[in-house]
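The structure appears right after this line, and notes come after that.
Protein chains: 2
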Amino acid sequence: MSTIADVAARAGVSKATASRALSGGGYVAADTRERVRTAARELSYVAHSSATSLATGRSLSVGVLMPALDRWFFAELLSGIQQELLISGHDLLLYGTQEGSQERAHLFQELLPRRRLDGIIAVGIQPSARELERLMLVDSPLVCVGAYSAGTSAVSIDDEAAARIATEHLIDLGHEDVAFLGGRADAATHAYGDERRLEGYRAAMAAAGLGAQVRHEAGEATMPGGYEAGVRMLGDRRRRPTAVVAVCDEVAIGGIIAARRMGLSVPTELSVVGIDDHEHAVMFSLTTVRQQPQEQGRAAVQLLRERMDAPDAPAVQRVLPSELVVRSSTAALR
Amino acid sequence: MSTIADVAARAGVSKATASRALSGGGYVAADTRERVRTAARELSYVAHSSATSLATGRSLSVGVLMPALDRWFFAELLSGIQQELLISGHDLLLYGTQEGSQERAHLFQELLPRRRLDGIIAVGIQPSARELERLMLVDSPLVCVGAYSAGTSAVSIDDEAAARIATEHLIDLGHEDVAFLGGRADAATHAYGDERRLEGYRAAMAAAGLGAQVRHEAGEATMPGGYEAGVRMLGDRRRRPTAVVAVCDEVAIGGIIAARRMGLSVPTELSVVGIDDHEHAVMFSLTTVRQQPQEQGRAAVQLLRERMDAPDAPAVQRVLPSELVVRSSTAALR
DNA sequence: GCATTGTGTGGGAGCGCTCCCAAAGCATAT
DNA sequence: ATATGCTTTGGGAGCGCTCCCACACAATGC
Chain E
1 MSTIADVAAR AGVSKATASR ALSGGGYVAA DTRERVRTAA RELSYVAHSS ATSLATGRSL
61 SVGVLMPALD RWFFAELLSG IQQELLISGH DLLLYGTQEG SQERAHLFQE LLPRRRLDGI
121 IAVGIQPSAR ELERLMLVDS PLVCVGAYSA GTSAVSIDDE AAARIATEHL IDLGHEDVAF
181 LGGRADAATH AYGDERRLEG YRAAMAAAGL GAQVRHEAGE ATMPGGYEAG VRMLGDRRRR
241 PTAVVAVCDE VAIGGIIAAR RMGLSVPTEL SVVGIDDHEH AVMFSLTTVR QQPQEQGRAA
301 VQLLRERMDA PDAPAVQRVL PSELVVRSST AALR
Chain B
1 MSTIADVAAR AGVSKATASR ALSGGGYVAA DTRERVRTAA RELSYVAHSS ATSLATGRSL
61 SVGVLMPALD RWFFAELLSG IQQELLISGH DLLLYGTQEG SQERAHLFQE LLPRRRLDGI
121 IAVGIQPSAR ELERLMLVDS PLVCVGAYSA GTSAVSIDDE AAARIATEHL IDLGHEDVAF
181 LGGRADAATH AYGDERRLEG YRAAMAAAGL GAQVRHEAGE ATMPGGYEAG VRMLGDRRRR
241 PTAVVAVCDE VAIGGIIAAR RMGLSVPTEL SVVGIDDHEH AVMFSLTTVR QQPQEQGRAA
301 VQLLRERMDA PDAPAVQRVL PSELVVRSST AALR
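Note that the protein sequences, when read in sequence, are chains E and B. Residue numbers are given in the UniProt record's numbering: position 281 of the first sequence equals residue 281, and the series is strictly consecutive. Residue numbers are given in the UniProt record's numbering: position 57 of the second sequence equals residue 57, and the series is strictly consecutive.
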């Protein structure tokens, strides 16, 4: 593999000029630049990122901390992050955060500082003060996604509002017996958002004078989790709700399948509303509150870029909009 | 941030000794090593990866090329790769390959060579001779997953055998009118494996003297894709098959949902078998041929490590086993 | 005329690390 | 006594790049 010295020699200029010609900055005559570029092309020269990084102090890479990959939300988010990073030419270092606290400490103490990353996007976790301090030391700006942090920049939707919108939609349709499906207080993954959604549901119920009807059937935030919770909730026909707000679309779809299996027709006998607008929502005609994880990923990268350009600017909390998408899994109470 | 010179000074030794004490190699007295380690801890010293990389020629990182993230197979695979890389302390650089050929050229010409990666795992794509040559130049060993390549190391299941096993299971149950659901010749994603599965189905049918019954309803390899293909296939009740082999579990599940919606009972009126053993398979009692993408991810990393240790060893094609998992979406023909 | 400004180029230090090599200390063998 | 080997340490070159600074030269101002 050739180095910049080879390119310089071939173009008949100094290393310094070759560097300037290739990477932009400083004065270079147009024909010199062209000569250097030609030489570089002929030698298939590609700059060594470690050398560049060492010399400039910037690594052209961003770390992304993910609690899981096999969930729609996270996969979409990662996809959005990846697309947006491509624009600014940053590479994406992927770190899993699903393991225990031992691993997590190692991640913040060793793995991340070692790379001198230009920035870090932490998904679904709230770094501790000590962890933040560690990142300060190597000054990697941080943006959180889906975790409502105090001092750090963050992007998320208003989970509480999303659940409120979903619940109000059902209440507007005349439903009074509205239950909340899925999510649990002690879940690790995506937990904080789930909690807020439950709050939003409770708030909407209370505001409509239906505080006494509040019911929550917990379950894992997956389609099978929603199915099982649905079976439990719909099993006792005397206590069946007429409508359900699901913590997310996967749970909603699991719930719909459970309802169908038990011979309940959706939406005639049971209205179901989700939160997400999952790619499968159309197939199940699911009414839902849309959030766009890809957009959130892009927004996170944009926020990160702002922080890289102006590290001392105050932290920004960016709340992305979510809107009700009415399909036909919800209907007016008979 | 402190450097190794700071650590050396604090421990009262030279940079060379400090380096030896921290990163292993060479003679260091036990007490010296301890003194250096203490100094490092006190200064929260972490080696700068770019400097290490520049000096050693190894980057401690592996590039992973992914065509998509929102599919179960890829997400699981990535998860397995990630876990296994953690063991050897390699970082994971994620690159998307979904964009056009323009982007792909840029990836192989610039992005990958720039990083001087210790290795590359390419998923679902077959690098061209020219692209391989480019990787040779920066000598990054390559392992392919799910693409049947000639010269490079690769890991996959025997897709043809998997489909054959699935088809034979149905034939053994007395079915003769067996159709193949999903997949298409011109699909970009995961296409080659799909093709092989279709071949396996055809081969099994032909071997049982059912070559004339071969039928293929194409569709995207997703649950909605399977649903739509299922609706098309089952719509004409005079030409309904009694059993279906799906290109993957997502399609199989979509097919099952389609069948139910059309009032067909599974498995009484229609047997369905998938390939994957998706995490949702249990919920739908889906009979399927198991493959374990996480294991494939781990295997890919192991193969890569072997190549990193012995770059001149011949390429290895590792074929992972797949086995039939009988649940209750298949039954004997009435 | 000379000072000033704007362009274009090269020399070389330095980013933080590793690793080769020389040297020194000490025990044991000859 | 010297030779030999083993252990321990430090000096310093070098990985490939960028960027500061000095310098040369032309164009412009007074």
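For each residue, glycine too, the CB sits at the ideal point set by N, CA and C.
Selection B:Val325, B:Ala204, B:Ala300 and B:Leu135 evaluated against Val214 (chain B) yields B:Ala204 as nearest (Cα-Cα). Take the alpha-carbon of Ser140 (chain E) and the one of Val155 (chain E): they are about 17 Å apart. Within chain B, no residue has its CB atom less than 9 Å from the CB of Asp276 (chain E), the nearest being about 13 Å off.
The DSSP-derived three-state label of Tyr27 (chain E) is coil.
Between the beta-carbon of Ala331 (chain B) and that of Leu111 (chain B) there is about 51 Å, and that puts the pair past the 8 Å contact cut. In chain order, Arg134 place their CB closer than 7 Å to the CB of Gln109 (chain E), counting only its own chain and leaving out the 5 sequence neighbours on each side. Across the structure, Val123 (chain E) and Tyr95 (chain E) are spaced so that their CA atoms are roughly 10 Å apart. Annotated three-state conformation of Gln317 (chain B) is strand, per DSSP. Taking a contact to require three or more Cβ pairs closer than 8 Å, the region 153-171 of chain E and the region 293-310 of chain E qualify as touching.
Chain-ordered, the chain E residues with CB closer than 9 Å to the CB of Ser49 (chain B) read Ser50, Ser53, Ser59, Arg114, Arg115 and Arg116.
Residue environment analysis places Gln102 (chain E) among the exposed positions, since fewer than 16 neighbouring C-beta atoms fall within 10 angstroms of its C-beta. The region 234-275 of chain B contains, as complete beta strand (DSSP E) runs of 3+ residues, the segments 243-246 (chain order). As DSSP reads the structure, Ser153 (chain E) sits in a beta bridge with E:Val143.
Look at the region 70-93 of chain E: the residues with a C-beta under 8 Å from a C-beta of chain B are Asp70, Trp72, Ala75, Glu76, Leu78, Ser79, Gln82, Gln83, Leu86, Asp91, Leu92 and Leu93.
In the DSSP assignment, Ser50 (chain E) is bridged to no other residue. For Ile4 (chain E), not one C-beta of chain B is nearer than 9 Å to its own C-beta. Taking the C-beta atoms as reference points, Val145 (chain B) is found no nearer than 9 Å to Ile120 (chain B). Only Met223, Pro224 and Tyr227 from the region 205-236 of chain B bring a Cβ to less than 7 Å from some Cβ of chain E. Among the residues facing chain B, Ile257 (chain E) is included, as its CB has a counterpart in that chain under 9 Å away. Thr268 (chain E) is positioned such that its CB atom lies no closer than 9 Å to that of Leu324 (chain E). Close CB contacts of Leu60 (chain B) within its chain, under the 8 Å cut and outside five residues either way in sequence, are with Ser49, Thr52, Ser53, Gly89, His90, Asp91 and Asp118 (chain order). Contact between the region 309-329 of chain E and the region 216-228 of chain E is absent, with fewer than three C-beta pairs closer than 8 Å. When Cβ pairs closer than 8 Å are counted between the two stretches, the region 237-250 of chain B is seen to touch the region 276-296 of chain B, the count reaching three or more.
Residues of chain E whose Cβ lies closer than 8 Å to the Cβ of Ser329 (chain B) do not exist; the shortest such Cβ separation is about 14 Å. Interface residue (Cβ-Cβ distance to chain E less than 9 Å): Gly254 (chain B) is classified as such. About 13 Å separates the beta carbons of Ala105 (chain E) and Ile125 (chain E), which is beyond the 8 Å limit, so they are not a contact pair. Chain E places no beta carbon closer than 9 Å to that of Ser285 (chain B), leaving this residue out of the contacts. Between the C-alpha atoms of Gly200 (chain B) and Leu270 (chain B) there is a straight-line separation of about 21 Å. If you draw a straight line from the Cα of Leu69 (chain B) to the Cα of Arg261 (chain E), it comes to about 31 Å.
Per DSSP, the continuous alpha helix (DSSP H) segment holding Thr167 (chain B) begins and ends at Asp159 to Asp172.
It is roughly 34 Å from the alpha-carbon of Ser2 (chain E) to the alpha-carbon of Leu78 (chain E). Taking the Cα positions, Arg35 (chain B) is about 28 Å away from Leu86 (chain B).
Ranked by how close their Cα comes to the Cα of Val138 (chain B), the residues E:Arg71, E:Pro321 and E:Ser44 have E:Ser44 in first place.
Proximity of chain E to Val46 (chain B) at the Cβ level (cut-off 7 Å) is accounted for by Glu110, Pro113 and Arg114, in chain order. In this structure, DSSP gives Asp91 (chain E) an extended state, which the three-state scheme calls strand.
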